[in-house]
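In the working numbering, each number is its position in the sequence shown, counted from 1, plus 23. Glycine residues also receive a C-beta, built at the ideal position from the N, C-alpha and C atoms. See below for the structure under consideration.
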Amino acid sequence: EQTKTWKQLRNNNNNDNGGWIKVQSNQEEAIDTSQLSEDALNASSTRQNYLKVFTCGALAGTVQAFVICPVEHIKCRLQIQATSGAKQLYKGPIDACVSIIKNHGIFRGLYRGMGVTLWRETPAFGMYFAVYDTIKGRVESLLEEKDDDHPIPSHAHAWAASALAGGISGASTWGIIYPFDVIKSRMQTSPLERHLQKGMWTVGSDIIRNHGVKHMFRGLGVTLVRAFPVNAIIFPVYEFVLMQIGSWRSR
Numbered sequence: 024e025q026t027k028t029w030k031q032l033r034n035n036n037n038n039d040n041g042g043w044i045k046v047q048s049n050q051e052e053a054i055d056t057s058q059l060s061e062d063a064l065n066a067s068s069t070r071q072n073y074l075k076v077f078t079c080g081a082l083a084g085t086v087q088a089f090v091i092c093p094v095e096h097i098k099c100r101l102q103i104q105a106t107s108g109a110k111q112l113y114k115g116p117i118d119a120c121v122s123i124i125k126n127h128g129i130f131r132g133l134y135r136g137m138g139v140t141l142w143r144e145t146p147a148f149g150m151y152f153a154v155y156d157t158i159k160g161r162v163e164s165l166l167e168e169k170d171d172d173h174p175i176p177s178h179a180h181a182w183a184a185s186a187l188a189g190g191i192s193g194a195s196t197w198g199i200i201y202p203f204d205v206i207k208s209r210m211q212t213s214p215l216e217r218h219l220q221k222g223m224w225t226v227g228s229d230i231i232r233n234h235g236v237k238h239m240f241r242g243l244g245v246t247l248v249r250a251f252p253v254n255a256i257i258f259p260v261y262e263f264v265l266m267q268i269g270s271w272r273s274r
């Protein structure tokens, strides 16, 4: 009887253990499922935030194009007449603006190159702010994983991340949209007579056919050398001033 009782106790214990293992397994599966769901939600939120930032930046670039196109057009006209040695057509920016509008109109004259300017500014600003926001967040996360024995102030994290993200976003954006800038400059320095004007794609094809694809990236190295430090300064200064204004208003 003692042997029978011992066997019954052992069987009951085994059954209890089996139940516990099953419950534990179900709990682990639930945790894994919950973690996967949380990761999926985080990934979806990140994509939505990236799209939102890109859209806002692209819209800002589109609006800016309507201002920067005529300004850059006049700048290009004044630069080529200063270096050509030929007769000076314009006395200054105001005279150039008035003369171009009078002789060639607003859209075909002053806004010459507007299409390619939109191709440059709209995606460029979308990528610029989206890349900046993404890199800044990741760099801040990496910097926060610091040694407890060597704490770094949180504002130093933000400024370092902002500087690095600004430099990378500025340089990478210019690297992508630079061919459009080359085409725009060619269009805004070509003759303004209507019968001599060419479209964006025609100008681009002519450049590649006559000078090769490399010509579309001529001067890119200098542009990148300028873009990284300039954009690495812009965002930290912007955030520092914003922080100072916020602290003044809270007093």
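Subject >> Integer Cβ distance of Phe-263 from Ala-153, believed to fall under 8 Å >> reply: The residue you call residue 263 lines up with position 240 of the sequence shown. The residue you call residue 153 lines up with position 130 of the sequence shown. Wrong, their Cβ atoms sit about 22 Å apart, outside the cutoff.
Subject >> Assigned exposure category for Gln-102 - 16 Cβ within 10 Å defines buried >> reply: Along the sequence shown, one-based indexing puts residue 102 at 79. By the 10 Å Cβ count, Gln-102 comes out exposed.
**OP:** May I ask you to report which of helix, strand or coil DSSP gives Lys-110?
**Re:** Indexing the sequence shown from 1 puts residue 110 at position 87. Residue state, collapsed to three classes: coil.
**OP:** Would you identify the three-state DSSP class for Gly-235, choosing helix, strand or coil?
**Re:** In the sequence shown, counting from the first residue as 1, residue 235 sits at position 212. Coil, per DSSP.
Subject >> Backbone CA spacing between Pro-259 and Tyr-113 [nearest angstrom] >> reply: Counted from its first residue, the sequence shown places residue 259 at position 236. Counted from its first residue, the sequence shown places residue 113 at position 90. Straight-line Cα distance between these residues: approximately 40 Å.
Original post:
Just to confirm, are Arg-135 and His-96 a CB contact at a threshold of 8 Å?
Top reply: The sequence position of residue 135 within the sequence shown is 112, counting from 1. The sequence position of residue 96 within the sequence shown is 73, counting from 1. Yes, Cβ-Cβ distance for Arg-135 and His-96 is below 8 Å.
**OP:** Give me the Cβ distance between Thr-145 and Ala-250, rounded to the nearest whole Å; I'm assuming they're in contact under 8 Å.
**Re:** In the sequence shown, the residue the question calls residue 145 occupies position 122. In the sequence shown, the residue the question calls residue 250 occupies position 227. About 18 Å; that fails the 8 Å criterion.
Subject >> Cβ pair Arg-131, Phe-203 closer than 8 Å >> reply: Position 108 of the sequence shown, counting from 1, holds the residue named residue 131. Position 180 of the sequence shown, counting from 1, holds the residue named residue 203. No, the pair does not count as a contact, with Cβ atoms beyond the cut-off.
Subject >> CB contact flag (Leu-247, Gly-198, <8 Å) >> reply: Within the sequence shown, numbered from 1, the residue matching residue 247 stands at position 224. Within the sequence shown, numbered from 1, the residue matching residue 198 stands at position 175. Their beta carbons are under 8 Å apart, which means Leu-247 touches Gly-198 by this criterion.
**OP:** Assign Tyr-134 to one of three DSSP states: helix, strand, or coil.
**Re:** Here residue 134 refers to the residue found at position 111 when the sequence shown is read from its first residue. Three-state DSSP puts Tyr-134 in coil, outside helix and strand.
Original post:
Going by the beta-carbon positions, is the gap between Thr-140 and Cys-92 smaller than 8 Å?
Top reply: For the purposes of this step, residue 140 is taken as residue 117 along the sequence shown, with counting starting at 1. For the purposes of this step, residue 92 is taken as residue 69 along the sequence shown, with counting starting at 1. For Thr-140 and Cys-92, yes; Cβs fall inside 8 Å.
Original post:
Ala-255: which of Ser-195, Gly-189, Ser-122, Trp-271 sits nearest, CA to CA?
Top reply: Here residue 255 corresponds to residue number 232 of the sequence shown, with the count starting at 1. Comparing Cα positions, the closest option is Gly-189.
Original post:
Is the distance from the Cβ of His-127 to the Cβ of Leu-215 below 8 Å?
Top reply: Position 104 of the sequence shown, counting from 1, holds the residue named residue 127. Position 192 of the sequence shown, counting from 1, holds the residue named residue 215. In contact: His-127 and Leu-215 (Cβ atoms closer than 8 Å).
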